[in-house]
Structure formats: C-alpha cells, structure tokens
Amino acid sequence: MKNEESKSRKMDPVIRKCMKHLEIIGADDKTRQIVYMYMKTLEDKLTKVDEKEFDHQSP
217 MKNEESKSRK MDPVIRKCMK HLEIIGADDK TRQIVYMYMK TLEDKLTKVD EKEFDHQSP
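Numbering (the working numbering), first residue to last: 217 to 275.
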C-alpha cells in the first residue's frame, strides 16, 4: 500500500486525473493499464524534448 501511495504522489496530475476518470467509468484493469502505459510514454517523450530544448538554450 505504501508503494502505491508514493507512486500516486509522483504521478503527473493529468495522468492521475485520467486514471481517476477511467475508474469512475468502470474501465477494467487491462484498459487502465494500457491507457497509463501510453500516457506515461508520452510524458517521457515530452520530458526528453523539454530537456533537449533546455540543453540548446544553455550557453
């Protein structure tokens, strides 16, 4: 249970909200897992893009 709590604290607010909505509409576990996987992948890609842009701005 502690691990789940710490994971949810680190989770992006948009992903957390999406997962909550999936729970509300009664999506099954497999659907929630797939949606989370794609959202997390997108978040990781966006983070990499942000890091690259930051690196290019540094003198």
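For each residue, glycine too, the CB sits at the ideal point set by N, CA and C.
Where do the ends of the alpha helix (DSSP H) carrying M227 lie?
The residue labelled residue 227 in the question sits at position 11 within the sequence shown. That residue, M227, is in no alpha helix (DSSP H); it is neither H nor E in DSSP.
Between the region 261–269 and the region 228–247, are three or more C-beta pairs nearer than 8 Å?
No, because fewer than three Cβ pairs between the region 261–269 and the region 228–247 fall closer than 8 Å, the two stretches do not touch.
Compute the Euclidean distance between the alpha carbons of V251 and K226, then round it to the nearest angstrom.
Counting from 1 along the sequence shown, the entry for residue 251 is found at position 35. Counting from 1 along the sequence shown, the entry for residue 226 is found at position 10. Cα-Cα distance, rounded: 17 Å.
Just the C-alpha distance for M253 and K268, rounded to the nearest angstrom, thanks.
Within the sequence shown, the letter at position 37 stands for residue 253. Within the sequence shown, the letter at position 52 stands for residue 268. Going from the Cα of M253 to the Cα of K268 covers about 23 Å.
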